[in-house]
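> In this text, residue positions in the sequence shown follow numbering that gives the first Met the number 0: the first is 0, and each later residue adds one. Quick reminder that beta carbons are idealized off the backbone N, C-alpha and C, glycines included.
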Amino acid sequence: MKLYNFLVLILIVLLASCGRKRSMDAVSIPTTTEEWAHHLFDTSGVHSGLFVIEAGQSERPKPILDYHSSSLFTPASNTKILTLYSALQFLPETLVGVKWIRRNDTLFFKGTGDPGFLDPRFDVSPPLSFFRQQNNLVYLGEWNSDERWAPGWSWEDYPYYYAAQRSPFPIYGNMARTWCQDDQWLMEPSGFIMNRYFDPSARAVRRNERANIFQVNTAKCRETPLRIPFVTNPDVVCHLLSDTLHQAVEWTDLSGFNHDSGSWQSVPGSDRDTLLRAMMYESDNFIAEQMLWSVSSALWDTISTTRVIDSVMTDDFSPWKGKIHWVDGSGLSVYNKLSPRFLVDVLQRLYGSMEHGELLRYFPAGGVRGTIASWYGHDDMPFVYAKTGTLSGVHCLSGYLLADSGKTYVFSFMHNNYLGSSSQYKKKMDVLLRWIKENH
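#1: Can you find the residues in the same chain that come closer than 7 Å, C-beta to C-beta, to THR73, ignoring five residues on each side of it along the sequence?
#2: Look up GLU141 in the DSSP assignment and say whether it is helix, strand or coil.
#3: Let me check understanding here. Comparing Cα to Cα, which of ARG206, ALA218 and PRO169 lies closest to SER269?
#4: On the CB-based measure, 16 or more other CB atoms within 10 Å of its CB, does GLY48 come out buried or exposed?
#5: If you compare alpha carbons, which of GLU33, SER68 and GLU34 is closest to MET413?
#6: Is the segment 235 to 246 touching the segment 84 to 94 in the sense that three or more CB pairs, one from each, lie closer than 8 Å?
#7: Between SER144 and the rest of its own chain, which residues show a CB-CB distance below 8 Å, the 5 nearest in sequence each way excluded?
#8: Measuring alpha carbon to alpha carbon, tell me which residue in ARG101, GLU437, ASP327 and GLY398 is nearest SER404.
#9: Is the Cβ-Cβ distance between TYR350 and ALA54 less than 9 Å?
#10: Express the C-alpha separation of LEU71 and VAL307 in angstroms, rounding to a whole number.
#11: Relative to the alpha-carbon of SER254, which residue among PHE341, TYR138 and PHE229 has its alpha-carbon at the smallest distance?
#12: Just the Cα atoms here: how many angstroms apart are PHE121 and HIS37?
#13: So who's on the other strand from ASP252, going by DSSP bridges?
#14: So, for THR231: in the same chain, excluding its five sequence neighbours on each side, which residues have a beta-carbon less than 6 Å away from its beta-carbon?
#15: In the segment 92 to 129, which residue ranges form an unbroken alpha helix (DSSP H) of at least 4 residues, counting only runs that do not cross its ends?
#16: By the three-class DSSP mapping on this structure, what secondary structure does ILE170 have?
#17: Whole angstroms are fine: how far does the CA of LYS320 sit from the CA of ASP314?
#18: Alpha carbon to alpha carbon, how far is PHE50 from ASP65? Give it in angstroms, no decimals.
#19: Report the partner residues of VAL266 according to the DSSP bridge assignment.
#20: Could you tell me whether the segment 290 to 298 touches the segment 374 to 382, using the rule of 3 or more Cβ pairs below 8 Å?
#21: By the three-class DSSP mapping on this structure, what secondary structure does ARG165 have?
#22: Just to confirm, are PHE130 and LEU244 a CB contact at a threshold of 9 Å?
#23: From what residue to what residue does the beta strand (DSSP E) around HIS394 run?
#24: Work out the CA separation of LEU274 and LYS406 for me, nearest whole Å.
#25: Check this for me: beta carbons of THR111 and SER265, under 9 Å apart or not?
#26: What number of angstroms, rounded off, separates the C-alpha of PHE410 from the C-alpha of GLU33?
#27: Return the Cβ separation of GLY388 and THR82 in integer angstroms, given the expectation that the two are a contact with Cβ distance under 8 Å.
#28: From what residue to what residue does the beta strand (DSSP E) around GLU187 run?
#29: Mind reading off the beta-carbon distance from ALA149 to VAL383? Whole number of angstroms is fine, and I expect it under 8 Å.
#30: Could you tell me how far apart the beta carbons of LYS427 and PHE40 are, in whole angstroms, since I believe they sit closer than 8 Å?
#31: Quick check on SER422: does DSSP put it in helix, strand or coil?
#32: What are the uninterrupted segments assigned as alpha helix (DSSP H) that are 4 or more residues long and contained completely in the segment 27 to 80, given in chain order?
#33: Here's a check: name, in chain order, each residue in its chain whose Cβ is nearer than 8 Å to the Cβ of ASP198, leaving out the five neighbours to either side.
#34: Any idea what DSSP makes of HIS355, helix, strand or coil?
#35: Going by C-alpha distance, which of CYS395, HIS355 and PHE108 is nearest VAL248?
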């Protein structure tokens, strides 16, 4: 018996046990993909949309599944597929890490949004070697129309690792790391205020919303490092960089700095693909936001998420303008509203833009890596390569499916407005994905 038939039987038993009036004899096993979609999702009481087409077909291919595919959904981290597309379109394989200009004996530098500088997750930070060879460093601090977070983010998420602040010149991933060693709390980077307290019922670490004042709970000492965003601004950047370089770094306001835009020189930064894979596999929100800022810096020597989004939508997805709403790079914003059809369009464009094996290496792989390492697995090799997206009451999965027939399918499954765990929808999607794999 094929695996999907086994899963079908389990699903039927579950439905019967949940109080369905009809007997199991009256439940017919679906025989088409459309029937499966209706069987799994019609009675769920949840806003669901599904769209599946064969990869690499014409601009108007006939879908093998179209279930509320034009409806709008909160996509959560499926938004990162748009960030991946933008970064691959506009960023070189090595990002520009720093831009600089020399005046007399002083080196002025500014950020480009590169998120990798001194982030301990990445082995190489080329600007560090450059800075160590310089004297009289002055950071050109800036702020812009984009805030520390994007519109539609939850302000109360400020102390959590998934909501690190955006900044033109990230350092240490804009994240402090704290852990216990010999019953003592330690923190990197150093220099932040740590107040200790004892409360078995409280969190291990807390932070003041507007200042880098941390409260560490001696009742929750742990050896595994915790990541907590720190407040960043030009003063913090200069303090941390001075401490790292063992030399004074000052700053001045970029807006008052007179310069010829063509006179900037650059220092290589992070590896683009290393960042993109971390963004996609770990669903890293900070990297996603910074990648759009890096695109903006590369295109216009300014930093603006809004400008990047408008440019990509105007130049590459103009038929979709006014039909979807794209706000940020990570998907944390609840203002994002995308449809399964739109996401499949983006995935189709990616599929046509590069070698297919190379493209799949950017995506989590079912049963193997990333956010679907525990789902959609197969004995021999992955057959699902897709990005998840999860917020409260939101779960989405969009990507590529490798069928037994040798064909590749592009799909987007989106679910909104449910209560409880996303596991129930993952199980249903698993049934449907395996059906497509074995029957198309």
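Checking against the coordinates, here is how it stands:
#1: VAL333, ASN335, LYS336, LEU390, VAL393 and ASN415
#2: coil
#3: PRO169
#4: buried
#5: SER68
#6: no
#7: Residue placement at SER144 is flagged as unreliable, the pLDDT there being 45, under the threshold of 50; the coordinate-derived value follows with that caveat. Closer than 8 Å at Cβ, skipping near neighbours: SER303 and THR305.
#8: GLU437
#9: yes
#10: 22 Å
#11: TYR138
#12: 45 Å
#13: GLY140
#14: GLN164, SER166 and ASN173
#15: none
#16: coil
#17: 10 Å
#18: 5 Å
#19: VAL97
#20: no
#21: coil
#22: yes
#23: 393 to 401
#24: 29 Å
#25: yes
#26: 14 Å
#27: Contact doesn't hold; Cβ gap of about 12 Å is too wide.
#28: 183 to 187
#29: Not a contact, Cβ separation roughly 29 Å.
#30: 7 Å
#31: helix
#32: 32 to 40
#33: ASN216 and ALA218
#34: helix
#35: PHE108
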